[in-house]
Each structure stands twice: as C-alpha cells, then as structure tokens.
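J.: Add 1 to the 1-based position in the sequence shown for my numbering, that's all there is to it. Using N, Cα and C, we set each Cβ at its ideal position, and we do this for glycine too.
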Amino acid sequence: MIGIINMVTPHLEINLEKIRHNASELNNLFNTKGISITAVTKGVLGSLEIVQALLESGIKSIGNPYIASIRKMKEAGLDIQSMLIRPPMMSEAEEVVKYADISLNSEISVITLLSKCALRHKSSHKIILMIELGDLREGILPCDVENIVEEVIDLEGIDLIGIGTNMACLGGVKPTDKNMKELSCIAEQIQQKYAIELKIISGGNSANYEWFMATNDTGLINNLRIGEAILLGRETLHRKKIPNLYTDAFALVAEIIELKTKNSVPCGELCQDSFGNKTEFQDKGPMKRAILAIGKQDIDISKIRPRIDVDIIGASSDHLILDVKKTSLSVGSEVKFDINYSTLLRVMTSPYVKKNYS
Ligand SMILES: *Cc1c(COP(=O)(O)O)cnc(C)c1O
Numbered sequence: 002m003i004g005i006i007n008m009v010t011p012h013l014e015i016n017l018e019k020i021r022h023n024a025s026e027l028n029n030l031f032n033t034k035g036i037s038i039t040a041v042t043k044g045v046l047g048s049l050e051i052v053q054a055l056l057e058s059g060i061k062s063i064g065n066p067y068i069a070s071i072r073k074m075k076e077a078g079l080d081i082q083s084m085l086i087r088p089p090m091m092s093e094a095e096e097v098v099k100y101a102d103i104s105l106n107s108e109i110s111v112i113t114l115l116s117k118c119a120l121r122h123k124s125s126h127k128i129i130l131m132i133e134l135g136d137l138r139e140g141i142l143p144c145d146v147e148n149i150v151e152e153v154i155d156l157e158g159i160d161l162i163g164i165g166t167n168m169a170c171l172g173g174v175k176p177t178d179k180n181m182k183e184l185s186c187i188a189e190q191i192q193q194k195y196a197i198e199l200k201i202i203s204g205g206n207s208a209n210y211e212w213f214m215a216t217n218d219t220g221l222i223n224n225l226r227i228g229e230a231i232l233l234g235r236e237t238l239h240r241k242k243i244p245n246l247y248t249d250a251f252a253l254v255a256e257i258i259e260l261k262t263k264n265s266v267p268c269g270e271l272c273q274d275s276f277g278n279k280t281e282f283q284d285k286g287p288m289k290r291a292i293l294a295i296g297k298q299d300i301d302i303s304k305i306r307p308r309i310d311v312d313i314i315g316a317s318s319d320h321l322i323l324d325v326k327k328t329s330l331s332v333g334s335e336v337k338f339d340i341n342y343s344t345l346l347r348v349m350t351s352p353y354v355k356k357n358y359s
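#1: Pull up the CB-CB distance for Gly234 and Leu246, whole angstroms please, since I reckon it's below 8 angstroms.
#2: Taking 7 angstroms as the cut-off, is the C-beta of Leu105 nearer than that to any heavy atom in ligand 1?
#3: Taking C-beta to C-beta, are Gln275 and Gly220 nearer than 8 angstroms?
#4: Taking three-plus beta-carbon pairs below 8 angstroms as touching, is the region 258-269 in contact with the region 281-292?
#5: Give me the Cα-Cα distance between Leu331 and Ile257, rounded to the nearest whole angstrom.
#6: On the DSSP bridge assignment, give the partners of Glu82 in chain order.
#7: Could you tell me which whole alpha helix (DSSP H) segments of length 4 or greater appear in the region 107-179?
#8: Determine the DSSP secondary structure at Ala101, reduced to helix, strand or coil.
#9: Give me the residue from His122, Pro88, Ala101 with the minimum Cα distance to Ile112.
#10: Do Asp102 and Lys127 have their beta-carbon atoms positioned less than 8 angstroms apart in this structure?
#11: Candidates Arg21, Leu27, Ile38: which alpha carbon is nearest Ile201's?
#12: In or out: Asp284 buried (at least 16 other Cβ within 10 Å) or exposed?
#13: From Ala54 to Ala119, what distance separates their C-alpha atoms?
#14: Under 8 angstroms: do the region 8-20 and the region 49-66 share three or more Cβ pairs, one atom per stretch?
#15: Roughly how many angstroms lie between the CA atoms of Leu345 and Arg306, to the nearest whole one?
#16: Determine, using beta carbons only, whether Met84 and Ile63 come nearer to each other than 8 angstroms.
#17: Straight-line CA distance for Asn148 to Ser203?
#18: Is the beta carbon of Val174 closer than 8 angstroms to that of Met168?
#19: Report back the beta-carbon spacing between Lys355 and Val9 to the nearest angstrom; my notes put them in contact at under 8 angstroms.
Encoded structure:
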C-alpha cells in the first residue's frame, strides 16, 4: 500500500513554497502603503498546511467564511487572528463567539445575538460592520450606518473594531478611488461623531489590487482580505498575473483510462447530454481521444488548461474527454493541468482528489 500512495490519481500538487512566496510578496507590497493583509483560505477548504505556510510568510490574520474551518485552525492551536468573513448565521452565533476573533456583520439582529452569546461566555466579540457600496452583496446601506453604529456601541460583549466593504464579487463592481474614499469618509464620520477609534478599515479583496497600485492616497483603508491573489497569483478584475508571483502553485493531475481513435461527431439522433445541454460538434474527422478519470464533479472544465498540447472536448460528471492530437500518451499516462479559482474550490472540496503537499 505505502509504496503506491504517491501515485494515487487524480491528485492536486500543492507547492507550499510558492504560496509562501506569493503571500510574503503581497504582504510586503500592501504594507508599503500601510495596508495589512488578512489571508483568505476559503479557496483551499481552510487547509491547515496552507495556513501554516501563510503564517510563515509573516501574515497573522486568517479569514474564512466557514466557522468549521475557523474552528479547525483554533483547535490545531495555530497562533492566528481568525476572521469570519461571511456575516454569521444566527444558528452559529455561539460557535462564532467561541472560535472567531473577529466577524464581519451586517444585521443588527445577529449582532444582538452575538452580544448575548459573548455575555454568556463572559467574553467579548470583535466585529467589523460591512458597508454596501455598490456590489450589492452583503453590507449596510450607507444611509443606515449611523443608526446601526449607535445601537452597536451600546451592546455589551460587542467590540466594534472597524468597518469594511466587499466589491467585485456579485456585481463585479470595480474598487476605485471614489468608492474607497467613500468608505474612508464613513469611517471618519463614525470616529468623529461617536469619539471611537476604528482600528480596521477593510477595503476589499484581490480585486483591489489595481486600485492599490494606481492610487497615491489609500485614505483610511488599512486592511484587505486577500485569497485568490495569494493562491493563484492573479488580480481578479481581469485575471492578470501579478508581477513576481507564481500562478502555478497548484497543478491537477488526472489519469488516462481509455485512449482510442474515434469520430469527432457522435453518431445517432442528438438529444440532451448528461447536464441537460445540447452540444454542437464540429466534424474534424477521426481523432485520438483520451478519457481521463475525472469530471464535472471535481473540476470546472471550461477553466482548466492542460500543460501539454491537447484540447478539451467535454466532460460528464466523472469522465473528461481530450483530443490528444500528436502527443504520445497511452492508457495509464498522467495529464497535468493549470487550474483557476472555481476548479480550485471543487478539487479542494472533493474527497476523490488526493492532495499532495510539497
Ligand atoms: C471571498 C472573500 C474575500 C477574498 O476574495 P479573493 O477574491 O479570494 O481575494 C474577501 N472578503 C470577503 C468578504 C469574501 O467573501
């Protein structure tokens, strides 16, 4: 058994040194303009090996939307500041207070419940209020911020430590000097009106890279929550490579289970495929087709790129079909792919894909 463990396919090769390098480069870069990084690990199922690499890069704050992932880090005894980056469910309030050092919030009813839980545990829970600035996902409308702050600062067991916003997720709205200034402005107003200090002004995620590089005034913004840029080395507005970062810290490897020359167009009456779609096939004559033992269960096939010269024809839930062209592959050969964020999410979540750290 032990002898073949490294040969298990499909598997994901994870290069911790490249992740550590990316995290450290970005940490240094953002620090040049007074911005700290919270490293977001939702893309990698909160992997403790990766959290460890992030800590070694000098990052102390780790964010994840899942309380189960945050709990896992705390129970492993890692010396981190944990941030729950999705507004808590009411049903998880107890655990949030117990395991998350900070949570991002947008509902007063939930914050009130967190306060009750914190008091019961004789502790205090730190929160960041999320502000809606156009992307239309989570966040308090700017016109409601003052009312909520007023209620929150009176709540025992709740420590309001900052405000934040999130762009470019649902609406794809670009972080700009205009919306970032608006966040700074709201922070300024709260600090003055209530005579409190907001320690964290968290301006967004990997999509803030372009704004950060271009701006000469980051205002009060002093934190960004960065996931994809660390893991895959790209900003997320155009998926452009960030200079000096690795884009290949992850590689997916799958194995050929059938290799035959077949026609390029199916033969028979064409109806729906396994996912309810109707596909058009181009007649390229007979071609050498390989089936790999992986499929839509584990990957987003439109977003993976083979590292050798083959074309992806299609996939069902557990078969991936390639036109292997002139390559010299055979049954049992491994094919390696670069992956994007949606495939990273799926392969990390899949019990069928082994994770090999190096
Ligand atoms: C996912 C997420 C992030 C990180 O986004 P990346 O694009 O991976 O940098 C930051 N903040 C919140 C609230 C998120 O949901």
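T.: Looking at the atomic coordinates:
#1: Residue numbering aside, residue 234 sits at position 233 when the sequence shown is read from its first letter. Residue numbering aside, residue 246 sits at position 245 when the sequence shown is read from its first letter. With a Cβ gap of about 4 angstroms, Gly234 and Leu246 count as contacting.
#2: In the sequence shown, counting from the first residue as 1, residue 105 sits at position 104. Taking the Cβ of Leu105 as the reference point, at least one heavy atom of ligand 1 falls within a distance shorter than 7 angstroms.
#3: In the sequence shown, counting from the first residue as 1, residue 275 sits at position 274. In the sequence shown, counting from the first residue as 1, residue 220 sits at position 219. What sits at residue 275 in the sequence shown is Ser, not Gln. In this structure, Ser275 lies away from Gly220, with their beta-carbon atoms at least 8 angstroms apart.
#4: yes
#5: For the purposes of this step, residue 331 is identified with residue 330 of the sequence shown, where counting begins at 1. For the purposes of this step, residue 257 is identified with residue 256 of the sequence shown, where counting begins at 1. In the sequence as displayed, the identity of residue 331 is Ser instead of Leu. When rounded, the distance between both Cα atoms is 7 angstroms.
#6: Counting from one through the sequence shown, the residue named residue 82 turns up at place 81. Per the sequence presented here, residue 82 reads as Gln, with Glu not at that position. Per DSSP, Ser62.
#7: The qualifying runs are 109-121, 146-154.
#8: Within the sequence shown, residue 101 is the residue found at index 100, counting from 1. Coil.
#9: If you number the sequence shown from 1, residue 112 lands on position 111. Ranking the options by Cα distance to Ile112, first place goes to Pro88.
#10: Start at 1 with the first residue of the sequence shown, and residue 127 comes out as number 126. Start at 1 with the first residue of the sequence shown, and residue 102 comes out as number 101. Result yes, Cβ atoms of Lys127 and Asp102 sit closer than 8 angstroms.
#11: Here residue 201 is taken as the residue at index 200 of the sequence shown, counted from 1. The residue among Arg21, Leu27, Ile38 with its C-alpha nearest the C-alpha of Ile201 is Ile38.
#12: The residue you call residue 284 lines up with position 283 of the sequence shown. Answer is exposed; the Cβ neighbour count stays below 16.
#13: The residue given as residue 54 occupies position 53 in the sequence shown. The residue given as residue 119 occupies position 118 in the sequence shown. The straight-line gap from Cα to Cα measures roughly 31 angstroms.
#14: yes
#15: Taking the first residue of the sequence shown as 1, we reach residue 345 at position 344. Taking the first residue of the sequence shown as 1, we reach residue 306 at position 305. Answer to the nearest angstrom: the Cα atoms are 13 angstroms apart.
#16: Working through the sequence shown from its first residue, we reach residue 84 at position 83. Working through the sequence shown from its first residue, we reach residue 63 at position 62. Yes, these two residues count as a Cβ contact at 8 angstroms.
#17: Within the sequence shown, the letter at position 147 stands for residue 148. Within the sequence shown, the letter at position 202 stands for residue 203. Looking at the two C-alpha atoms, the distance is approximately 20 angstroms.
#18: The sequence position of residue 168 within the sequence shown is 167, counting from 1. The sequence position of residue 174 within the sequence shown is 173, counting from 1. Contact flag set, yes.
#19: Numbered from 1 along the sequence shown, position 354 holds the residue referred to as residue 355. Numbered from 1 along the sequence shown, position 8 holds the residue referred to as residue 9. Indeed, because the Cβ distance is near 5 angstroms, the residues count as touching under 8 angstroms.
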